[in-house]
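Here the structure is laid out as structure tokens; the discussion comes afterwards.
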Amino acid sequence: MTVTLWTLATLASHWRRNPVQIVALLVGLALATALWSGVQAINTEACASYAKATALLGGPDVKVFRPNTGKSMPQTVFVELRRAGHLVSPMIEGTIVVDGRRLRILGIEPISLPVAATPEGLQATGEAEGVPAFLRPPWEALAAPETLIRLVGNETLPPRRADSSLPENTLVMDIGIAQQVLGMEWQIGRLLMEPGMGLHVDVLHRFGLAPVAAAEHDVSAGLTNSFHLNLTAFGFLSFLVGLLIVRACVGLALEQRLASFRTLRTCGVSARRLTIAVLIEVVLLALLAGLAGLVLGYVIAAALLPDVAGSLRGLYGASVSGTLRFAPEWVFPGMAMSVGGAVLAAGSALWRVYRLPPLAAARPDAWRDAQAKQVRRSLIAAAACALAGALFYVYGDSLEAGFVIIGCLLLSAALALPALIGAMLTVLGRAARSAMSEWMIADMRQQLPGLSLALVALLLALAANIGVGTMVGGFRETFLDWLDRQLAAEVYVRGADEAQARAIDAWAARQPEVRNVLPGRMTDTVFAGQPIEVRSVVDAPTYLEGWPLLAVAPGAWDAIFAGEGAMISEQLAYRLGLGLGDTVDVGPGPLTIFGIYADYGNPKGQIMLSLARLEQDFPEARRMGTGFRLAPEDVGPLLTRLTATFDVAPDSVIDQAALKTLSRQTFERTFAVTAALNLLTMLVASVALFTALLSLFDRRVAQMAPIWALGISRRRLAALELGKTLIMAALTAIVAVPVGLILAWLLVAVVNVKAFGWRRPLIPYPEHWFTLGLLSIAVAAAAALLPSWRLSRIGPAHLLKVFANAR
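154 is the number of the first residue of the sequence shown in my numbering; add one for each residue after it.
Structural data, given as structure tokens:
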């Protein structure tokens, strides 16, 4: 044990003499751990929120029924069904704003509530305490402990009791009190039944009810899982970039300590003990960096979680807490990734220490002897990775296979990068016309092995930025164009009930400024095991001129309006393998598919019929609202007359501009997370480049001394060093462009299709590539600034030592 401790002390002396190296190693591993653990913290918090939200209503096994029209139904429906012997339980749901925060109000009737949907706060206390307190004044409500803290001092809501099984920002109370809080007296929103029970179709038609398909839960779960899988992929990419820093630092420290290792071996330290000491050193450093990374990851996750929560809530209706907590589910795996990744990155160095002969000479540049052979091996490995990716593309048919293809692409590019840059330097060398330029090219070729890992990190960061930036930019243009087509009407109005909706439609048709009235209906059903929406369309120029069709048969619109066919969304076409001319059977008779249209962001497939055909086949279909086409300047006066004529709720009248603004905000918030992760990956890459340049400084002094002796000033040498680094970064950016474009294509054509069921066009952005190229040069300049400055300030005596030591 004493020998091991003295060995560790000897190894630690290297870091005391080279503090920059240990700082770079710790920073690199801490950043890598931070990005990985931050993403896992977000995913863990989101999954915990999903579990709580699902358990709140008993999960997909509890039968749920909703009204065909509107968001609520009279309470008398529940009364009549119970009197008829149907064991239904009422529920009402809505949101209010308390102290600037949205609060979900859930009203239940605990006596008839299915057991699987009963909150733990009522199950645990039982009849003796919990239920009576829930049903008697002062009408106690249940909330998560975090929510209770935020509501301290609020006297407008009922008294609260903690229930850790509930999601945040949710308040569960008796349905009668919830009706008062939401301003929905004598109204209910849903009916629940125990698993295994149900209502006959005649009962559903009589009371205007529709079952909520259990498959809807699976679709939403699949989409949110895809979202989190994307985040995990970004976090893992950043972690790999950070491990490149660890490998470079540990490898350099090994080369610089070969003399120390030789001395320790000759003093009697065995190869096994020396390897164990180096392993302990790596683990201790990894633990220190991992702890710092966890704290930094918590900060990153806390900053990004509100955007993630908003995205999941806006896109998929998933309720996610906007606050973060330290949880073993991501803390311990984060530490394990830090330690395991560091040991893995240092694996080759540990093996070399174990195999080190006792009298091995300390030759810092000995590893370059096999450079040519290593390049050939890397090219062979790159080709093998590319072939594996091609095989997965041909035979793989899952989202996971898509990410494997992306991994093969990035690994292949990383392995081939040194050879590609070497080839480009050879071409530049042939174009050199002066001795100094020839020396610069030759020196860059010699410097390439030491910088290869840092350049790979920069390549991965640039490729990820180009790929994701191209994907998001193309999606933005496509989404905004689709949004303009979908939200063509200038005003959307939803009546309180069917009678008011019909009255509003008739009134609007008489207004001179209204060009078209576009009523809409929708219902939910299941087709081929898939939950789908069936919506209506009317004969109007809005649909004929602007609907986002991807494929259409001749005479499609005439067939649709005549009730002879249907159009389907891209998601449904992809999932079920449907095309033009195929049939769908969702009503009394089969319908021929005449068109396929884009429907971005919708988790479910969709079928579009004429309004008359939908009312005929689905009399229970609910009102979606009505769109009015009119000139933008007439919107204000029309809304004024509308609200004066009809008693409509403020949130039942929406103008197009406000709806588009909300949709754009949701879109930008969705991709704010990936943009932040891209920038953080670039930060890790810059640290990797800085580490490599700073670590190689001593070695570079020996190579610069002969040039200085020939009369080149130290300042000019520093400028040349800076220029060489910028050239290497520019060459890396050139390689990153095609890699990033292939990555973008894979994200659009493979990952997005497998995850969401629709595909968007791939739109290139050369200006984005140019900006990223400049950014890579700026990153390289920042990384090379300190080593170049040190070279310009180095004393002549230090340079002369190179010749004194026969170097």
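Quick reminder that beta carbons are idealized off the backbone N, C-alpha and C, glycines included. As the structure is a computational prediction, the values presented were derived from the model and not from experiment.
What first and last residue would you give for the alpha helix (DSSP H) that runs through residue i?
i	result
T793	788-798
K877	867-899
R219	Counting along the chain, R219 falls outside any alpha helix (DSSP H), though it belongs to the beta strand (DSSP E) covering 216-220.
A597	One point to set straight first is that residue 597 is Met, not Ala, in the sequence displayed. First-last of the alpha helix (DSSP H) with M597: 588-639.
V580	552-584
V241	First-last for V241: undefined, no H or E at that position.
M488	481-498
R655	651-662
V962	As displayed, the chain neither begins before 154 nor continues past 960, which places residue 962 out of reach and without an answer.
L411	411-419
A784	Taken as a continuous stretch (DSSP letters only), A784 belongs to no alpha helix (DSSP H), as it is neither H nor E.
E723	723-729
Thinking just about the alpha-carbon of each residue, which of the options is nearest to the one in residue i?
i	options	result
E630	R817, A412, S941	R817
L688	A681, A704, E698, T676	Note on residue identity: the sequence assigns Arg, not Leu, to residue 688. Selected option, being the one with the closest Cα: T676.
L985	D770, I574, F414	Here the chain comprises residues numbered 154 to 960, so residue 985 is not present and cannot be evaluated.
V334	T814, L256, A269	L256
L795	T160, D658, I175	D658
A430	I453, G758, G742, A502	A502
V180	S839, R505, D770	S839
G648	T736, P665, R674, W898	R674
G948	G910, I916, A858, E874	A858
M350	I264, R303, S242	S242
L725	A811, V906, T878, S805	V906
P602	L729, A569, L894, S587	A569
V356	G238, R170, L612	G238
I245	A297, A294, V325, T309	V325
A588	S265, V932, L863, S945	L863
L832	I453, A652, R170	I453
E482	G191, E786, R776	G191
L613	P220, P320, F287, I895	I895
A297	S317, T309, R303	S317
L846	K813, R868, A751, M881	M881
A810	V644, P694, L497, Y546	V644
A784	L900, V667, L879, K877	V667
Report the CB separation of residue i from residue j in whole angstroms; it is logged as a contact under 8 Å.
i	j	result
W922	V888	Between V888 and W922 the Cβ distance is about 12 Å, and since that is not below 8 Å, they are no contact.
A315	F218	So it is not a contact: roughly 31 Å between Cβ atoms.
G734	I746	7 Å
I713	I760	I713 to I760, Cβ: 11 Å. No contact.
L427	F414	6 Å
G626	I916	6 Å
V403	A554	Incorrect: roughly 33 Å between the Cβ atoms, too far for contact.
V422	V156	7 Å
P272	P291	Their Cβ separation, rounded to whole angstroms, is 18 Å, which puts P272 and P291 out of contact at 8 Å.
I195	L457	6 Å
S805	V670	With a Cβ gap of about 16 Å, S805 and V670 do not count as contacting.
Y681	L729	A quick correction: the sequence has Ala, not Tyr, at residue 681. The Cβ separation is near 5 Å, so the contact holds.
H167	R410	5 Å
In the DSSP output, which residue or residues are listed as bridge partners for residue i?
i	result
T779	V646, P672
R169	Bridge partners of R169: none, in fact.
T745	G718, T736
G758	I685
L295	R314, V325
S763	V690
L702	Y750
A363	R219
R530	Answer is none; R530 lacks a bridge partner.
F680	Q683
Q340	P227
M346	K216
I249	L256
State the start and end residues of the unbroken beta strand (DSSP E) segment that holds residue i.
i	result
T323	323-327
G260	254-261
V806	806-808
Handout entry: Stretch-stretch touch, CB-based, cutoff 8 Å, three pairs: the region 179-191 with the region 437-451
Key = These segments touch.
Problem - Segment contact flag, the region 321-336 with the region 244-263, C-beta cutoff 8 Å, min 3 pairs - result: Under the three-pair Cβ rule at 8 Å, the region 321-336 counts as touching the region 244-263.
Exercise for the section: For the region 632-647 and the region 698-709, state whether three or more C-beta atom pairs, one from each stretch, are separated by less than 8 Å. Expected result: Touching, per the Cβ criterion.
Practice task
For the region 574-587 and the region 617-627, state whether three or more C-beta atom pairs, one from each stretch, are separated by less than 8 Å.
Solution key: Contact check between the region 574-587 and the region 617-627: fewer than three CB pairs, one atom from each, fall below 8 Å, which does not count as touching.
Practice task
Take every Cβ of the region 592-610, pair it with every Cβ of the region 914-928, and state whether three or more of those distances are shorter than 8 Å.
Solution key: Between the region 592-610 and the region 914-928, the count of C-beta pairs closer than 8 Å stays below three; the two stretches do not touch.
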